[in-house]
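Worksheet for the structure shown next.
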Amino acid sequence: MPLGVLDRLSLDVAELHATDSALHLGGLIVFEGEPPSRARVLDHLRRRVGPLPELAHRLAGDAGRPRWEPDPDFDPDRHLYELPGGADPLTVAAELLRQPLPRDRPLWGIWLVRRAGGGRWGLCYRAHHAFQDGAAAVATLERLLGPEGAPRPRALAFRPPRPVPWAAVLPEFRPPRRVTWWPALDTPPAGSYAAAFADVDTARLHALGRLTGATVPQLCLALTAGTLRAWHPDGWGPDGPGHGRGLRANLGIGVRDPDDPRPLLGNRVAVAGVDLPCGEPDPVRRLARLGRALDHARLARLADAHRVVLGRLPYRIGRLALVRGVDARYTPLSVADLRVRQPLGFAGVPAAGVYALPVMVPGQPLFVAWVVHRRRLHVTFLADRALVGAERLPEAWESALVAYERLAGEGAFAGACGLPGQAGEGPSARAGDGASARPESGAGAS
16 MPLGVLDRLS LDVAELHATD SALHLGGLIV FEGEPPSRAR VLDHLRRRVG
66 PLPELAHRLA GDAGRPRWEP DPDFDPDRHL YELPGGADPL TVAAELLRQP
116 LPRDRPLWGI WLVRRAGGGR WGLCYRAHHA FQDGAAAVAT LERLLGPEGA
166 PRPRALAFRP PRPVPWAAVL PEFRPPRRVT WWPALDTPPA GSYAAAFADV
216 DTARLHALGR LTGATVPQLC LALTAGTLRA WHPDGWGPDG PGHGRGLRAN
266 LGIGVRDPDD PRPLLGNRVA VAGVDLPCGE PDPVRRLARL GRALDHARLA
316 RLADAHRVVL GRLPYRIGRL ALVRGVDARY TPLSVADLRV RQPLGFAGVP
366 AAGVYALPVM VPGQPLFVAW VVHRRRLHVT FLADRALVGA ERLPEAWESA
416 LVAYERLAGE GAFAGACGLP GQAGEGPSAR AGDGASARPE SGAGAS
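For the sequence shown, my numbering begins at 16 and goes up steadily by one.
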């Protein structure tokens with residue numbers, strides 16, 4: 016199977032980093048209690064990997080004609096690693112982010128972490144972004160750690176492609192303005208990364224969604240904008256360096272063909288630009304603007320357009336466009352909205368938490384990803400180590416949520432009749448039941 020254009024571009028992006036592991040993505044799943052033996056994890060892995068033929072494909076061929084091919088030496092034992100871990104979950108995450116994926120075998124692995132902080136242990140799944148996108152990684156986790164015997168999804172796509180209204184879509188392909196006012200871009204990147212985590216009970220988001228008319232992804236983007244305002248409070252006023260403007264973020268949208276015979280192999284995610292209105296002082300107006308940006312119809316049109324473009328895009332043209340696409344001076348951060356729809360566990364022990372470990376785009380100082388699992392929303396802030404104060408981002412996220420809850424309780428959203436992206440979608444699109452407004456379930460950003 017020849018690599019798709021996004022697979023090849025992902026390999027190109029990896030070469031821009033000092034270490035290839037910066038283009039690995041996955042998740043850390045933590046459990047209460049004592050960790051199992053390596054033999055027990057391997058026995059579990061052997062049973063689950065068999066029905067997933069994509070995981071037995073390795074990268075082969077030369078640079079001009081790379082391909083995926085079955086690995087004749089495939090053995091799950093070569094994909095299971097161990098880490099002692101430690102008492103600090105942030106130190107554990109930093110260690111996981113540095114782990115390599117050898118190129119002589121399929122580009123994925125599982126790490127048994129014996130200590131993941133707070134008396135917990137963990138299992139970490141990671142894959143190269145050329146090998147899988149966020150949606151495929153989430154689906155793989157569901158197959159490896161979800162209920163045994165669950166039916167394998169035929170495809171990960173939301174719906175069949177439809178004709179593209181190009182007149183409405185083409186303006187979306189215009190390059191964004193250059194960013195010169197965000198203080199996070201003032202320091203040269205260190206090229207190494209640290210994670211910080213926040214946990215939120217989804218009941219709080221559901222209650223807030225009922226009062227505001229917003230979906231969970233819309234609320235999360237609004238909380239991200241509020242968090243960035245609090246991080247650099249002097250930068251967003253009309254007299255500050257941002258002059259009341261916002262930041263451009265990349266949000267992943269799935270473009271996988273519904274008839275893809277290998278739905279867990281390859282990168283099939285494009286990006287939609289989302290303007291985070293950090294310069295807007297009114298939280299109510301920030302949420303309204305993000306509701307329009309995350310409109311379901313808009314994202315569906317973009318997914319259709321990207322599917323058509325990527326299906327015809329020559330690799331050399333994509334290579335030329337790559338430089339602007341990963342330039343932090345135009346798009347300085349990325350966000351990802353992920354949803355694990357199957358409850359994860361191991362040997363009858365339910366997962367206590369699921370934390371995304373996203374990729375790092377070269378030069379971008381920050382990636383914010385959130386995962387909904389059961390009744391919790393777990394947020395990951397993956398930041399370049401050169402950033403000052405990034406460890407305070409989880410606290411700022413919680414403060415932003417409290418501020419929205421206070422405003423909603425005071426009736427600030429009483430006149431709202433629902434945000435864009437809800438009309439015609441039915442109740443499944445509202446935050447009250449936790450569904451997403453994205454065109455593809457579980458799509459990950461790149």
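No residue lacks a Cβ here, since even glycine has one placed at the ideal position from N, Cα and C.
- When the Cα atoms are used, E410 and A213 turn out to be separated by approximately 8 Å.
- In terms of Cβ geometry, H144 and N282 form a close pair [threshold 8 Å].
- Beta bridge pairing from DSSP links N282 with no other residue.
- Taking A367 as the centre and dropping the five residues before and after it, the same chain places the C-beta of V45, F46, E47 and R135 closer than 8 Å to its C-beta, in chain order.
- Taken in chain order, the complete alpha helix (DSSP H) segments of 4 or more residues contained in the region 316 to 342 are 330 to 340.
- The beta-carbon separation of R400 and A209, rounded to 5 Å, stays under the 8 Å limit for a contact.
- Following the DSSP letters along the chain, one finds L416 inside the alpha helix (DSSP H) bounded by residues L408 to G424.
- Under the DSSP definition of a beta bridge, W83 partners with L74.
- In this structure, the straight-line span from the alpha carbon of L314 to that of V286 is close to 10 Å.
- If one requires a minimum length of 4 residues, the alpha helix (DSSP H) runs lying completely within the region 110 to 177 are 149 to 160, in chain order.
- Of the residues D86, T202 and G241, the one whose Cα lies closest to the Cα of P121 is D86.
- Separation of P190 and P117 (C-alpha to C-alpha, rounded to the nearest whole angstrom) is 36 Å.
- By a beta-carbon distance limit of 8 Å, L328 contacts V20. Their separation comes to about 5 Å.
- At least 8 Å separates the beta-carbon of W123 from that of F89.
- With a cutoff of 8 Å on beta-carbon distance, G259 and R141 are scored as not near each other.
- L402 and A75 have their C-alpha atoms spaced approximately 38 Å apart.
- Setting aside the 5 residues that flank it on each side, L111 is surrounded in the same chain by L43, L98, W126, V128, C139, R141 and L372, each with a C-beta closer than 8 Å to its C-beta; the list follows chain order.
- Taking the C-beta atoms as reference points, G132 is found nearer than 8 Å to D103.
- In this structure, G241 sits away from P203, with a CB-CB distance that is not shorter than 8 Å.
- At the C-beta level, R391 and T230 stay beyond 8 Å of one another.
- The closest CA to that of P248, considering only P296, D275, A205 and R219, is found on P296.
- Within the same chain, and ignoring the five residues on either side of P365 in sequence, the residues whose Cβ sits closer than 7 Å to its Cβ are P358.
- Spanning the alpha carbons of V184 and A320 requires a straight line of approximately 7 Å.
- Its Cα nearest to that of L159, the residue R61 stands out among Q233, R93, V107 and R61.
- In the structure shown, L353 adopts extended strand secondary structure according to DSSP, grouped into three states.
- In the DSSP annotation of this structure, the continuous segment of the beta strand (DSSP E) that includes E97 starts and ends at L95 to L98.
- The continuous stretches of beta strand (DSSP E) do not include R219, which lies in the alpha helix (DSSP H) extending over residues T217 to T227.
- Sequence-distant partners of L325 (beyond 5 residues in either direction) whose C-beta falls short of 7 Å from its own C-beta, in its chain, are V20, L21, V270 and A285.
- It is roughly 16 Å from the alpha-carbon of L337 to the alpha-carbon of R193.
- For E30, the uninterrupted alpha helix (DSSP H) run begins and ends at V20 to E30, by DSSP.
- In the structure shown, H39 falls within a strand segment according to DSSP collapsed to helix, strand and coil.
- DSSP places A205 outside both helix and strand once states are collapsed to three, so it counts as coil.
- At a Cβ-Cβ threshold of 8 Å, R263 and T346 count as neighbours.
- Around the Cβ of S36, a 10 Å sphere holds 16 or more other Cβ atoms; the residue is buried.
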